[in-house]
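My numbering puts the sequence shown at residues 12 to 656.
Yeah, the Cβ is synthetic: ideal placement off N, Cα and C, and Gly gets one too.
Computed from a prediction, not measured in an experiment: that's the story for all the values here.
Written out below as structure tokens is the structure these notes cover.
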Amino acid sequence: SQQGCDPFAQTQRSKLQHRRARINQQINKEMRMRAGAENLFRATSNHKVKETVALELSYVNSNLQLLKEELEELNSSMDVYQNDSESISVPMIPLGLKETKELDVLVPLKDFISEHYGEEGVQFEKEIKEFMELRQAMRTPSRNEAGLELLMEYYNQLYFLDSRFFPPTKTLGVFFHWYDSLTGVPSHQRALAFEKGSVLFNLGALHTQIGARQDRASLPGLNQAIDAFQKAAGAFNYLKENFSNAPSLDMSAASLTMLVRLMVAQVQECVFEKTTLLRAQNDFLSRLQLAQEAARVEDVYSLVHQTMSQPHVKDYVPFSWTTMVHVKSEHFKALSHYFAAIALCDCPAPSDAELPEQEKAFLQFHVTMPEGPSLSVLLQDPEERRKLGKAHLKKAIMKHEEAMRIHGLCKILRKMDILQEVLSFAHKRSLSKYSEIDHEEDFFETGEAPDIHPKTHQKPEIKSPNFSQVKVTDLFHRLGPLSVFSAKNKWYPARKVHLMRGENGFGFTLRGDSPVLIAGVIPGGCAAEAGLKEGDYIISVNGKDCKWSKHAEVVQLLKSTGKEGVDIGVITLQGSECPKAADRKAVMSSGSGMLKGDKENSRKSLMNSKSASTLLVWSKKSKRSKKSIYGGVPFTAVGDNEAMY
């Protein structure tokens with residue numbers, strides 16, 4: 012079975028998770044104290060008590076503030092999640108996993124099995140414990156494909172848990188406890204949707220950690236990072252579209268929108284890195300392309316920064332994240348102007364043959380047209396190119412300085428040498444280029460360079476989770492096929508019926524598989540006298556469980572009975588007494604979505620079985636003509652996938 016990684020293996024990351032768990036426990040305690048104090052504050056009319064309580068409240072609140080700051084520093088420990096490669100990659104933002112408390116569902120599930128399914132709860136202890144072990148393992152998934160599969164497996168298993176144990180009208184009475192991934196504030200709900208949503212959130216978070224640790228100095232590493240961040244965006248987006256009213260802030264629509272945009276921006280940054288890695292030629296058009304890719308990265312990070320600055324998100328997102336995103340938007344704006352300058356200053360003027368193509372590219376390059384001569388003159392005059400290049404460099408240097416200034420405002424980011432190095436390297440590079448093209452005799456005022464039009468050759472995709480890639484088998488398979496044995500269906504207690512075989516067989520028609528349905532009962536026949544009704548499901552024959560049995564197996568068991576007759580166990584769904592033919596079909600097929608490959612009405616297997624022809628005329632006197640067998644039944648009662656016995 013799937014294993015979580017050992018939470019006690021003292022790697023850097025598990026130390027982080029331990030500190031997180033510890034802070035979460037402290038936050039939980041402070042929250043309880045605060046709730047108690049607030050209740051007392053509201054209830055008391057005594058001024059002295061009110062003062063004391065107010066003092067205690069302010070103490071608790073400042074404690075909470077400190078704990079949240081400590082948690083924020085932890086959440087910004089991006090270096091723990093980054094790779095160990097020598098080359099410089101700009102750090103990416105990974106998310107910490109949501110923590111959860113242990114869950115004990117042994118008693119509630121056993122009770123539900125006894126009450127609802129009429130089975131011995133004790134008989135299912137093994138399955139319940141297996142479910143709890145799976146949940147325990149998914150609390151600490153390893154940061155690789157196996158960890159992702161573990162979360163998917165648990166998520167898919169929740170589908171079955173939901174269908175089996177969560178009727179639409181009531182809950183199990185179990186609380187699911189999860190901590191907010193950023194603030195550590197605890198939340199709990201009885202709804203299984205909260206559990207599902209939290210697992211989905213962790214799937215996204217795990218993708219961000221996998222993305223952040225890739226070595227982006229190589230093409231395979233970059234492609235894996237792009238894939239991971241696109242899948243993270245997909246998980247958060249799926250969560251936003253399919254789950255609402257989450258009790259914790261990290262799963263609110265505003266936060267999820269922000270996270271999706273952040274992931275898209277990180278993908279776009281990787282695409283830029285990929286372009287620089289693949290760009291072997293230093294020709295004019297390649298450099299224009301780089302400038303436009305950088306402008307595109309700036310664009311998406313500006314959007315993330317705006318989203319993070321909105322009222323409901325601002326106080327909640329770690330300051331280091333907001334700063335990092337802001338720094339990146341300024342940094343990439345600077346890069347776009349730098350590459351524009353390089354294209355103009357380091358590339359030769361075009362030949363007459365190259366001019367049309369370069370002119371066309373340059374026409375769509377700026378947001379507004381640069382002042383001065385026409386494009387063809389500008390492109391062919393080295394002095395004009397230098398002038399515009401210089402204007403671009405001036406703007407680049409201003410933006411580099413702005414990026415470094417904002418970076419310096421955040422204590423946590425100041426500790427991140429890598430980012431500092433990247434920013435100052437880019438700044439120095441622009442400065443040295445500027446001094447290289449600056450002439451002492453330049454008396455013209457350097458103009459204002461227009462911004463570069465953002466454009467990318469690879470648009471980020473939001474990749475939704477593909478749940479079907481991890482196949483799971485329903486742990487509670489033994490309860491019977493979900494189409495009938497689910498939390499939403501109710502049935503009367505099982506009945507045992509003793510049936511003798513008359514000379515025209517048993518006098519009923521059967522149809523479908525797992526469980527086989529009694530589709531029709533001949534009035535006055537043996538089945539009718541024994542008390543069998545149309546719409547009954549056969550769940551056992553002579554004590555053998557038949558809930559999952561195929562049509563042919565049940566027929567075989569019935570055929571092998573002798574003079575002493577046969578004991579049949581049946582159940583009737585409440586509200587389905589005498590279902591119409593159309594309703595019967597609905598009963599059969601509902602829930603078949605997840606029952607992989609189980610054809611609920613397997614007419615084919617019946618028709619293909621060797622005994623099909625004999626089945627239809629199966630009675631003591633098998634010489635009689637087929638017609639007489641249908642004697643007492645209106646012919647229409649036997650559909651094309653039913654057979655009479």
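Would residue i and residue j be called neighbours here (beta carbons separated by less than 8 Å)?
| i | j | result |
| --- | --- | --- |
| K242 | K474 | yes |
| I429 | P102 | yes |
| Y170 | M149 | no |
| T268 | K285 | no |
| D6 | K401 | With the chain running from 12 to 656 in the structure shown, residue 6 is simply not present. |
| I549 | C537 | no |
| A360 | Q391 | yes |
| Q168 | F135 | no |
| E413 | S387 | no |
| P119 | V185 | yes |
| K507 | D578 | yes |
| V552 | V565 | yes |
| Q279 | P476 | no |
| Y312 | V336 | yes |
| K344 | K439 | no |
Run through DSSP, which three-state label would residue i get?
| i | result |
| --- | --- |
| P197 | strand |
| E502 | This sequence places Trp at residue 502; Glu is not what is there. Strand at W502. |
| F436 | helix |
| H29 | helix |
| L5 | Look at the range of the chain in this structure, 12 to 656, and you will see that residue 5 is not part of it. |
| L521 | strand |
| A257 | coil |
| S320 | coil |
| I533 | coil |
| D462 | coil |
| G158 | helix |
| T286 | helix |
| V581 | strand |
| V527 | strand |
| D609 | Because D609 sits at a pLDDT of 34, beneath the cut-off of 50, its placement in the model cannot be relied upon, and the point is left open. |
| V7 | Not covered by the structure: residue 7. The range shown for the chain is 12 to 656. |
| T268 | helix |
| T63 | helix |
| G107 | coil |
| G129 | coil |
| D449 | coil |
| I473 | coil |
| D428 | helix |
| S571 | coil |
| V481 | coil |
Given that a residue counts as buried once 16 or more other Cβ atoms are within 10 Å of its Cβ, and exposed if not, what is residue i?
| i | result |
| --- | --- |
| S209 | buried |
| L289 | exposed |
| R31 | buried |
| R522 | buried |
| T287 | exposed |
| E62 | exposed |
| M380 | exposed |
| Y349 | buried |
| G535 | exposed |
| A244 | buried |
| L374 | exposed |
| A236 | buried |
| N213 | buried |
| F436 | exposed |
| L260 | buried |
| V64 | buried |
| E110 | buried |
| H58 | exposed |
| E432 | exposed |
| R658 | There is simply no residue 658 to check, as the chain begins at 12 and stops at 656 in what is shown. |
My understanding is that residue i touches residue j, with C-beta atoms under 8 Å, so please give their C-beta distance in whole angstroms.
| i | j | result |
| --- | --- | --- |
| G576 | P526 | 21 Å between Cβ atoms; not a contact. |
| A498 | F205 | Rounded, the Cβ-Cβ distance is 18 Å, inconsistent with contact. |
| V282 | Q469 | 5 Å |
| L510 | A541 | 5 Å |
| V196 | I38 | 6 Å |
| N293 | I221 | At roughly 34 Å, the Cβ-Cβ gap does not stay under 8 Å, so N293 and I221 are not in contact. |
| I529 | E514 | Actually they do not touch by this definition, with Cβ atoms about 20 Å apart. |
| L434 | M415 | 5 Å |
Within the segment 166–230, ranges of the beta strand (DSSP E) (whole runs, at least 3 residues): 187–190 and 197–200
Going along the chain, which unbroken runs of the beta strand (DSSP E) with 3 or more residues stay wholly within the segment 322–382? none
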